[in-house]
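Trainee: Numbering (numbering that gives the first Met the number 0), first residue to last: 0 to 118.
Heads up, the beta-carbon is just placed ideally off N, CA and C, and yes, glycines get one too.
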Amino acid sequence: MKKMILLFIMVCFFAVSCAGVTGGIHKKSVSSASIEKVEFKPDKKGNYYVYVTIKNISGKDKPFYLELQADDQVSQFTASGKKGQPNIVPAGKNYTFAVNTWRKVEPKKLKVEIKESLR
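Shown next as structure tokens:
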């Protein structure tokens, strides 16, 4: 009985200590767009950019929005167009978002979310 209690306490401690250690890329998208590719590349100054390629699978021409959060930074929002303007992505076509993470190292945790509106 004492071994069971000790084992239970150890498992609980392990679960709590590992809860915030998850990393990697967490992708979420609306049903009208699919995330095709996510990649990192540094620019000449050493800041890492995230390139997110999506495909419009809705059958209609529409704009899309990207929410990006690298590590523990504040979320960044941009639209499918030059300088963040909401331009139309044609049906069946790809579009690549390019967002500066303002980090000199590749992010360990990344949240990428594609939306149809900013609401």
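#1: Measure the C-alpha to C-alpha separation of residue 20 and residue 72 and round it to an integer number of angstroms.
#2: Determine the burial state of residue 117: buried for a count of at least 16 other Cβ atoms within 10 Å of its Cβ, exposed for fewer.
#3: Contact between the region 79-86 and the region 41-50 is defined here as three or more beta-carbon pairs at a separation below 8 Å; is this criterion met?
#4: Pick helix, strand or coil for residue 83, following the three-state DSSP scheme.
#5: So, using beta-carbon positions, are residue 76 and residue 64 closer together than 8 Å?
Mentor: With the given structure in hand:
#1: Reading the sequence shown from its first residue, position 21 is the one you call residue 20. Reading the sequence shown from its first residue, position 73 is the one you call residue 72. Only weak support exists for where residue 20 lies, its pLDDT of 48 falling under 50; the value from the coordinates is given anyway. Roughly 16 Å between the two C-alpha positions.
#2: For this step, residue 117 is matched to residue 118 along the sequence shown. The residue is exposed, with fewer than 16 neighbouring Cβ atoms inside 10 Å.
#3: no
#4: If you number the sequence shown from 1, residue 83 lands on position 84. The answer is helix: DSSP assigns residue 83 an H, G or I state.
#5: Counted from its first residue, the sequence shown places residue 76 at position 77. Counted from its first residue, the sequence shown places residue 64 at position 65. For residue 76 and residue 64, yes; Cβs fall inside 8 Å.
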